[in-house]
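J.:
Residue numbers (the working numbering), protein chains in the order written: chain A, 1 to 114; chain B, 1001 to 1113.
This is the structure in C-alpha cells:
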C-alpha cells in the first residue's frame, strides 16, 4: 500500500540555520511527490513538486527538495531559515491516474528560534 | 491560487444533528476532494469527485456522504454528527492532468459536542 512517512514530528532550528525535513514514501510506480506548507489557521500551500527529470527541485520561498529513488526519499531543504518559515510541513505522494489522489504524511511542525 | 471557498468556516453542533459543509470553486477544475485533518494523522481523504455526479470513497468515508451537482460545488454531509467527526475539513481541487497541482481551500473547523 502507498504510504508517506515523516519521521520528525517537531523540529526547532535557529533563525539563519539550515533546515532539512525528511520524507520517505512507499509506492510501487514512479511517484509524483509534493511538499506543502501550512501556516497556523490556514490552508495548504504548495512549496514544490517532482514528476520527472532533474531530481533536485526548486520551489518557492527558497526551498528545494531532492528525489532519491534508491532511498525512497524526498527531503526538503533550505539553506537559511527565516522566522516566517515557522509552520507545519507536509510531504505527499500523488497517485496520478484516474483519481489524482494524494497520500499525505503526518506532518512536521517547524519552530524557529530567534 | 485557485478560487476555493468553504462555508461555513466554523461550526459548532451537537451529536446526532446533520451537518453540510460546502466547497465552491471558480476555476472549473475537474477533480474535487474532501479531507479531514487531525493531529498526528495529517490529512486523510474522505471522498472525492472526478466529475459532476461522479464521486467515490476515500480512506475515511464512514459517516460521510457527498454530492456534486455542478462543477463548482462539492458538498460534504454528516448525516448524524458524532464527536469523532470533530476536525478541520479541507476541500481541494485539481485541474485535470496528473502533473497539475492540487489546490486547497481555507478549511472549516467543525466541533461536535
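By construction, the Cβ of each residue, glycine as well, lies at the ideal position given by its N, Cα and C atoms. All values reported here derive from a predicted model rather than from experimental measurement.
Which two residues bound the contiguous beta strand (DSSP E) that contains residue 64 of chain A?
T.: 64 to 68 is the span of the beta strand (DSSP E), which, as asked, contains residue 64 of chain A.
J.: Does DSSP put residue 72 of chain A in a helix, a strand or coil?
T.: DSSP places residue 72 of chain A in coil when its eight states are reduced to three.
J.: Could you spell out where the beta strand (DSSP E) holding residue 3 of chain A opens and where it closes?
T.: That run of the beta strand (DSSP E) goes 3 to 5.
J.: Taking the C-alpha atoms as reference points, what is the distance between residue 1050 of chain B and residue 54 of chain A?
T.: C-alpha separation (whole angstroms): 30 Å.
J.: Measuring straight from C-alpha to C-alpha, what distance separates residue 1056 of chain B and residue 87 of chain A?
T.: When rounded, the distance between both Cα atoms is 32 Å.
J.: Smallest Cα separation from residue 112 of chain A: which of A:63, A:85 and A:22?
T.: Checking every option, the nearest Cα to that of residue 112 of chain A belongs to A:85.
J.: Which full runs of the beta strand (DSSP E) of 3+ residues lie inside the segment 8 to 87 of chain A, going along the chain?
T.: The segment 8 to 87 of chain A contains these whole beta strand (DSSP E) runs: 10 to 14, 19 to 21, 24 to 26, 32 to 38, 44 to 50, 56 to 58, 64 to 68 and 73 to 78.
J.: Which residues of the segment 60 to 85 of chain A have a Cβ closer than 8 Å to any Cβ of chain B? Give them in chain order.
T.: Answer set for the segment 60 to 85 of chain A: empty.
J.: Under 8 Å by Cβ, that's how I've got residue 105 of chain A and residue 5 of chain A pegged, so tell me the actual separation to the nearest angstrom.
T.: Indeed they touch by this definition, with Cβ atoms about 6 Å apart.
J.: Report the option in B:1008, B:1064, B:1016 and B:1017 whose CA atom is closest to the CA atom of residue 1035 of chain B.
T.: The candidate whose alpha carbon is nearest that of residue 1035 of chain B is B:1064.
J.: Tell me, please, whether the segment 1019 to 1031 of chain B touches the segment 1070 to 1083 of chain B by the rule of three or more beta-carbon pairs shorter than 8 Å.
T.: Touching, per the Cβ criterion.
J.: Determine the burial state of residue 1068 of chain B: buried for a count of at least 16 other Cβ atoms within 10 Å of its Cβ, exposed for fewer.
T.: Buried, since its Cβ has 16 or more Cβ neighbours within 10 Å.
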